[in-house]
Amino acid sequence: MSFFCFFDIMNKSQGRDSMKIKYNLLKTEKNTKARFGTIKTNYGTYETPMFMPVGTKATVKSLSKEELKAAHAGIILSNTYHLWLRPGPDVIAHCGGLHKFMSWDGPILTDSGGFQVFSLAKNKKKDITEEGVHFKSHIDGQNLFLTPEKSIEIQNKLDSDIAMSFDECPPASASYEYLKNSIERTIRWAKRGKAVHNNPNQALFGIVQGGAHEDLRKYSAEETVKLDFDGYSIGGVANDGESKEDMYKAIDYSIPYLPENKVRYLMGVGEPVDIIEGVIRGVDIFDCVLPTRIARHGQAFTRDGKINLNNAKYKEDLSPVEEGCDCYTCRNYSKAYIRHLITTGEMLGGRLLSIHNIRFLIKLTEELREAIKNDNILEYRKNFLERYEKK
RNA sequence: GCGCCGUUGGUGAAGUGGUUAACACGCUGGUUUGUGGCACCAGUAUGCAUGAGUUCGAUCCUCAUACGACGCC
Numbered sequence: 004m005s006f007f008c009f010f011d012i013m014n015k016s017q018g019r020d021s022m023k024i025k026y027n028l029l030k031t032e033k034n035t036k037a038r039f040g041t042i043k044t045n046y047g048t049y050e051t052p053m054f055m056p057v058g059t060k061a062t063v064k065s066l067s068k069e070e071l072k073a074a075h076a077g078i079i080l081s082n083t084y085h086l087w088l089r090p091g092p093d094v095i096a097h098c099g100g101l102h103k104f105m106s107w108d109g110p111i112l113t114d115s116g117g118f119q120v121f122s123l124a125k126n127k128k129k130d131i132t133e134e135g136v137h138f139k140s141h142i143d144g145q146n147l148f149l150t151p152e153k154s155i156e157i158q159n160k161l162d163s164d165i166a167m168s169f170d171e172c173p174p175a176s177a178s179y180e181y182l183k184n185s186i187e188r189t190i191r192w193a194k195r196g197k198a199v200h201n202n203p204n205q206a207l208f209g210i211v212q213g214g215a216h217e218d219l220r221k222y223s224a225e226e227t228v229k230l231d232f233d234g235y236s237i238g239g240v241a242n243d244g245e246s247k248e249d250m251y252k253a254i255d256y257s258i259p260y261l262p263e264n265k266v267r268y269l270m271g272v273g274e275p276v277d278i279i280e281g282v283i284r285g286v287d288i289f290d291c292v293l294p295t296r297i298a299r300h301g302q303a304f305t306r307d308g309k310i311n312l313n314n315a316k317y318k319e320d321l322s323p324v325e326e327g328c329d330c331y332t333c334r335n336y337s338k339a340y341i342r343h344l345i346t347t348g349e350m351l352g353g354r355l356l357s358i359h360n361i362r363f364l365i366k367l368t369e370e371l372r373e374a375i376k377n378d379n380i381l382e383y384r385k386n387f388l389e390r391y392e393k394k
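For the first sequence, the positions run 4 to 394 when the numbering used here is used.
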C-alpha cells in the first residue's frame with residue numbers, strides 16, 4: 004500500500020459529514036411505548052423500528068450487498084473480536100475502512116467483542132479482571148487480552164458508524180451479587196472506552212445490563228446514561244436459555260431510564276415475536292443471527308410460523324416459502340426446490356433462505372412502523388400471533 | 001447335476017445359545033436470539049431368507065427348501 008493511496012483514504016474519510024448518529028423521534032404510539040423515528044447517518048436516513056442483519060466477519064453470511072439492499076437492509080452489524088483476529092484492524096484501515104473493504108455503502112454497527120468473551124469462552128477458562136479479559140483465541144488457542152480501550156481503538160480503526168462499549172455479558176443464570184459487580188465494572192469500562200474514543204464519524208453506544216432485576220437495570224441504565232452516549236443498548240438478553248418473561252422484564256426495567264431522543268437497541272434479538280414485544284416496549288433497533296443461522300439449517304420464518312424445509316411434506320410442494328412474500332427467493336423458487344438444495348447440502352439453499360428470512364424480519368419492522376403510525380400495534384400483535392402461533 | 005460358501009433394517013454392515021440386535025449412513029421430527037463450529041438433540045429391525053427340529057430358551061446348533069456367489073463336470 005503506497006503512501007499516496009493511504010493519503011487518498013484519509014481525504015475520503017475526512018470528506019464525510021463528520022456526523023454521528025442522529026435520532027429523531029417522530030411518533031410514539033398512543034397505547035404503548037412503541038415509537039417510530041429516523042436515524043440519520045453518513046450513509047443516509049433510516050426509519051425505526053429496524054432490524055439489523057448480522058455480518059460478523061464483514062459479511063452477512065453468503066449474501067452480497069445487492070441482495071441485502073434488495074431486502075431493504077439499513078444498518079448491518081459486524082464484529083470487533085472477529086475482525087481483530089482476521090484480517091486485523093490495520094489491514095482494514097489500509098483497505099479504506101470497513102465500508103470500503105466489504106463494499107457496503109450503508110451504515111455499520113460494530114459489536115465490541117464483549118459477547119464473544121461470553122460465548123467463545125463459555126465453559127472455558129477466561130479471566131475477567133478490572134483491566135480487561137484474558138481469554139483464548141478460538142482459531143489457534145493463543146492467549147488474548149481485550150480491554151475497553153483496545154475494543155474502542157479497534158472499532159475506531161474499523162471506522163464503523165456505531166461502536167459499542169466493551170461490556171461484560173454475564174449469563175442469565177448469574178447471581179444477583181455477580182450481576183451487581185459486573186454492572187459496576189461495565190460502567191467503569193464504558194467510561195474508559197469513551198475516554199479513548201476519538202473517531203468523529205463514529206457514534207458510541209453504552210450498554211445496560213442487570214439481568215431481570217428491576218433495581219439493577221435501573222441503576223445500570225441511570226449510570227450509563229450519565230456518561231452521555233449517542234445511543235443505548237439493552238444487553239445480556241437472549242442468552243443462556245433465559246425465559247421470555249425475563250427478557251421482557253429486562254426491557255421493561257431498562258427503558259424508563261433511557262432518554263427519549265436517543266436510539267434504543269436490544270442486542271441479539273431475534274425471534275419475530277420478541278421483536279414485536281420489544282417494539283411495543285419502546286425498542287428501536289434489533290440484531291440477530293437467527294435469520295441466517297436457521298436458514299443454513301433449512302428453516303424459514305413465515306407468517307404461519309417457522310417452517311423446516313427439511314420436512315418430507317415439502318418434497319413436491321411447488322409453492323414459495325411464503326405465499327405473497329416480495330423477496331427474491333419467494334418470487335423465483337419453490338419449497339420443493341429449496342428442500343432439495345437443503346437436503347443435498349447445496350449452498351444455494353442456505354443463501355435463498357437467508358434472503359427470505361432477512362427480508363421477513365425487515366418487513367416485520369416495516370409493518371410495525373406502519374402500526375405505530377396508525378396507533379394499532381396491539382391489534383397488529385394480536386393478528387400476527389394468531390396466525391404465527393396457530394398450528 | 002455335484003461340491004463349497006453365504007443370506008441380519010432403506011443402505012453398508014457388527015454380533016451373541018439367555019433381559020432392550022453395535023456402529024455408520026439414510027430417513028423422520030425437533031433445537032438454534034450482541035454467529036468459533038452447514039451444528040446439536042431425539043426417534044427410527046417385537047426381529048436376523050422360509051419351514052421344521054434340538055434345547056428350559058435360538059438370529060446364533062441340526063435338517064430341508066428358496067435365492068445368490070464361486071469351483072468342477
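In this text, a Cβ means the ideal position worked out from N, Cα and C, and glycines have one as well. Remember, predicted model here, so these are calculated numbers, not experimental data.
DSSP has residue i in a bridge; who is on the other side?
i	result
N146	K139
T113	S81 and A166
R267	Y235
Y317	Y317 is not bridged to any residue.
T48	K43
M375	Correcting the residue identity first, residue 375 is Ile in this sequence and not Met. I375 is not bridged to any residue.
Y26	I42
I157	I157 is not bridged to any residue.
F118	Per DSSP, none; premise fails for F118.
F54	F289
T31	R38
Could you give the C-beta distance for residue i and residue j, rounded to a whole number, given that I count them as a contact under 8 Å?
i	j	result
S185	I111	Going by Cβ atoms, the distance from S185 to I111 rounds to 28 Å, so no, they are not a contact pair.
Y268	F208	6 Å
S65	S357	6 Å
N264	Y26	6 Å
N313	R334	Incorrect: roughly 23 Å between the Cβ atoms, too far for contact.
N159	H200	7 Å
F1	L344	Residue 1 is absent from the structure shown; the chain starts at 4 and stops at 394.
L161	P92	6 Å
D233	I24	5 Å
I3	A37	Because the chain spans 4 through 394 in this model, residue 3 falls outside it and cannot be assessed.
E50	R372	6 Å
Tell me which same chain residues have a C-beta within less than 6 Å of the C-beta of residue i, skipping the five on either side of it?
i	result
E32	I375, D378 and I380
K15	Since pLDDT at K15 reaches only 45, below the 50 mark, its modelled position is unreliable, and the value read off the structure follows with that caveat. Excluding residues within five positions, none has a Cβ falling inside 6 Å.
G109	Y46
K60	H85
W87	I157
I279	R384
G116	T83, Y84, L149 and S154
I95	L101, F104 and L161
Might you give, ordered along the chain, the residues of its own chain that have their beta carbon closer than 8 Å to the beta carbon of residue i, omitting 5 neighbours on each side?
i	result
T48	T41 and I42
N386	none
E382	A374
L230	I190, A193, K194, K197 and G209
P275	F304, F363, L364, L367, F387 and Y391
I79	M55, P56, V57, G58, V63, L71, W107, G109, P110, I111 and L112
F7	The pLDDT assigned to F7 is 38, lower than 50, so where the model puts this residue is not dependable; a value taken from the coordinates is nonetheless given after this. Same-chain partners within the cutoff: there are none.
With a 10 Å radius around its C-beta and 16 neighbouring C-beta atoms as the bar for buried, classify residue i as buried or exposed.
i	result
I142	exposed
K189	The question names Lys, but residue 189 in the sequence shown is Thr. Its Cβ being crowded by 16 or more others within 10 Å, T189 is buried.
T113	buried
T132	exposed
Q17	Low confidence applies here, because Q17 scores a pLDDT of 47, under 50, leaving its location unreliable; read the following figure in that light. It is exposed - the Cβ of Q17 has fewer than 16 other Cβ atoms within 10 Å.
F148	exposed
A224	buried
R390	exposed
E171	buried
P259	exposed
E70	buried
D290	buried
S67	exposed
E226	buried
T332	buried
E349	exposed
R89	exposed
A166	buried
Here's a check: name, in chain order, each residue in its chain whose Cβ is nearer than 7 Å to the Cβ of residue i, leaving out the five neighbours to either side.
i	result
N311	G301 and Q302
E134	T150
A298	G353, L356, S357 and N360
D11	Legend: pLDDT at D11 = 41, less than 50; position of this residue unreliable, value from coordinates given subsequently. Taken in chain order, the list of residues that qualify is empty.
S322	S337 and K338
P262	V228
T44	I24, P110 and D164
N146	H137 and K139
A74	C330, I358, I361, R362 and I365
How do the region 172 to 192 and the region 94 to 110 stand: do at least 3 beta-carbon pairs fall below 8 Å, yes or no? no
Mind the definition here: the region 205 to 214 touches the region 236 to 245 only if three or more C-beta pairs lie below 8 Å; say whether that holds. A contact exists between the region 205 to 214 and the region 236 to 245.
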